[in-house]
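> In order, the protein sequences belong to chains P and U. Residues 100 to 283 (this note's numbering) are what the first sequence spells out, left to right. Residues 100 to 283 (this note's numbering) are what the second sequence spells out, left to right. Each residue gets a CB set at the ideal place from its N, CA and C atoms; glycine is no exception. Fair warning: this is a prediction, and the values are worked out from it, not measured in the lab.
Number of protein chains: 2
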Amino acid sequence: MHSIPIPSAKRSSRTKLSHAGAATAMMVLAVGLAALGSAASAVAQEAAKVDYPTGYRDWTHVKSMVIQSGHPLYESFGGIHHIYANQSALEGYRTGSFADGSVIIFDLLEATAADNAITEGKRKVLGVMQKDGKRFAGTGGWGFEGFAAGDPARPVVGKDAATACFQCHTAQKDRDYVFSVWRE
Amino acid sequence: MHSIPIPSAKRSSRTKLSHAGAATAMMVLAVGLAALGSAASAVAQEAAKVDYPTGYRDWTHVKSMVIQSGHPLYESFGGIHHIYANQSALEGYRTGSFADGSVIIFDLLEATAADNAITEGKRKVLGVMQKDGKRFAGTGGWGFEGFAAGDPARPVVGKDAATACFQCHTAQKDRDYVFSVWRE
Chain P
100 MHSIPIPSAK
110 RSSRTKLSHA
120 GAATAMMVLA
130 VGLAALGSAA
140 SAVAQEAAKV
150 DYPTGYRDWT
160 HVKSMVIQSG
170 HPLYESFGGI
180 HHIYANQSAL
190 EGYRTGSFAD
200 GSVIIFDLLE
210 ATAADNAITE
220 GKRKVLGVMQ
230 KDGKRFAGTG
240 GWGFEGFAAG
250 DPARPVVGKD
260 AATACFQCHT
270 AQKDRDYVFS
280 VWRE
Chain U
100 MHSIPIPSAK
110 RSSRTKLSHA
120 GAATAMMVLA
130 VGLAALGSAA
140 SAVAQEAAKV
150 DYPTGYRDWT
160 HVKSMVIQSG
170 HPLYESFGGI
180 HHIYANQSAL
190 EGYRTGSFAD
200 GSVIIFDLLE
210 ATAADNAITE
220 GKRKVLGVMQ
230 KDGKRFAGTG
240 GWGFEGFAAG
250 DPARPVVGKD
260 AATACFQCHT
270 AQKDRDYVFS
280 VWRE
């Protein structure tokens with residue numbers, strides 16, 4: 100964590116004040132600290148935030164799968180999903196180890212079954228795994244996020260990545276925590 | 100069609116030969132003409148041949164669909180298919196008109212239904228539409244080919260494109276004969 104200077108608090112400690120003035124200074128300090136607290140946690144959250152994967156629809160399609168009612172993952176991942184990978188992640192599929200900068204997409208759409216066919220519906224969630232050993236040291240070097248309906252403004256995982264995502268992915272530790280496999 | 104010189108035939112017409120020699124010359128001529136015939140039809144087929152779409156797995160994924168037993172297209176296209184487009188074809192999806200050089204892929208894989216999920220199996224056929232107004236003037240400017248199991252050496256459509264492919268695609272004339280629509 101970086102130290103952040105608080106001009107108002109510093110000034111109040113150097114200045115002789117009336118009682119009322121001191122009370123005001125304390126309030127300023129309190130407000131200042133509260134602001135610092137918010138700023139600090141904002142910085143902490145910022146540091147661990149997964150980037151929205153701009154342009155991912157042009158990345159390479161790795162594989163797809165349909166998860167149907169009755170499947171153990173149906174509640175979370177029911178529908179048709181497509182896996183996409185950026186250039187660095189493609190290399191990771193080949194070598195089994197993903198370099199910082201690798202991004203893997205789990206693009207989940209509704210699957211509409213009708214007339215003996217399954218077609219794609221609306222986007223349910225856009226899942227992202229972003230590799231950065233430093234930023235995401237606590238979760239195997241991967242950041243996890245899900246954007247509801249693919250909306251960059253609606254992240255649904257946030258600081259719950261460890262329990263909501265990584266916990267399952269630990270099963271894949273030998274493959275650098277990645278479930279999907281490149282399909283020719 | 101280009102004229103192809105047949106040295107052996109020309110030489111035989113200029114040379115005075117014995118009966119046996121004349122018979123040999125006739126045989127040489129016949130063999131020469133047969134060779135010419137093969138070469139000529141090879142040239143004609145060459146002109147209308149669809150290129151194998153090298154590198155298509157890195158092109159942009161447009162959309163996917165699963166066609167199941169009971170669907171009218173099940174016999175031909177049962178399984179899960181993915182549509183890919185090269186850069187020029189992507190522009191075509193946007194404008195509704197596809198420039199020469201546009202290539203659209205219909206990548207058909209077996210769809211394996213088990214445990215309340217549908218997963219991808221082996222490649223059944225790699226379908227290709229290649230736009231070239233001159234080469235494929237007879238079929239809306241599009242060349243059609245299917246490579247069995249994705250094998251470049253096993254084209255299955257050949258000169259049957261008009262009946263095997265284009266006939267259905269005429270229904271989409273207003274969209275430059277393309278069925279698929281870009282899905283965000």
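Going along chain U in order, which residues have a C-beta closer than 7 angstroms to the C-beta of Val165 of chain P?
Val165, Ala216, Ile217
> Would Asp250 of chain U be called buried (16 or more neighbouring beta carbons within 10 Å of its own) or exposed?
That one is exposed.
> To the nearest angstrom, report how far apart Gly240 of chain U and Ala198 of chain U are at their CA atoms.
10 angstroms
> Return the Cβ separation of Ala216 of chain P and His170 of chain U in integer angstroms, given the expectation that the two are a contact with Cβ distance under 8 angstroms.
Contact between Ala216 of chain P and His170 of chain U holds: CB atoms are separated by about 5 angstroms, below the 8 angstroms threshold.
> Can a CB atom of chain P be found closer than 9 angstroms to the CB of Ser187 of chain U?
Output row for Ser187 of chain U: interface = no.
> Let me check understanding here. Comparing Cα to Cα, which of P:Ile179, P:Lys221, P:Leu225 lies closest to Phe205 of chain P?
P:Leu225
> Counting pairs of beta carbons, one from the stretch 176-185 of chain U and one from the stretch 149-163 of chain U, are three or more of them closer than 8 angstroms?
yes
> For Arg193 of chain U, count neighbouring Cβ atoms within 10 angstroms of its own Cβ and tell me buried if that reaches 16, exposed if not.
That one is exposed.
> Using the C-alpha atoms, what's the distance from Val227 of chain U back to Gly245 of chain U?
Between Gly245 of chain U and Val227 of chain U, the C-alpha separation is close to 6 angstroms.
> Nearest CA to the CA of Leu207 of chain U: which residue from U:Gln167, U:Cys267, U:Asp231?
U:Gln167
> Taking the alpha-carbon positions, what's the Trp281 of chain P to Thr262 of chain P distance?
Looking at the two C-alpha atoms, the distance is approximately 26 angstroms.
> Under the three-state reduction of DSSP, which class applies to Ser196 of chain U: helix, strand or coil?
coil
> Relative to the C-alpha of Met164 of chain P, which residue among U:Gly178, U:Leu172, U:Tyr151, U:Val277 is closest?
U:Gly178
> Using DSSP with H/G/I as helix, E/B as strand and the rest coil, what is Arg222 of chain U?
strand
> So, are the CB atoms of Thr238 of chain U and Phe278 of chain U less than 9 angstroms apart?
Contact: no.
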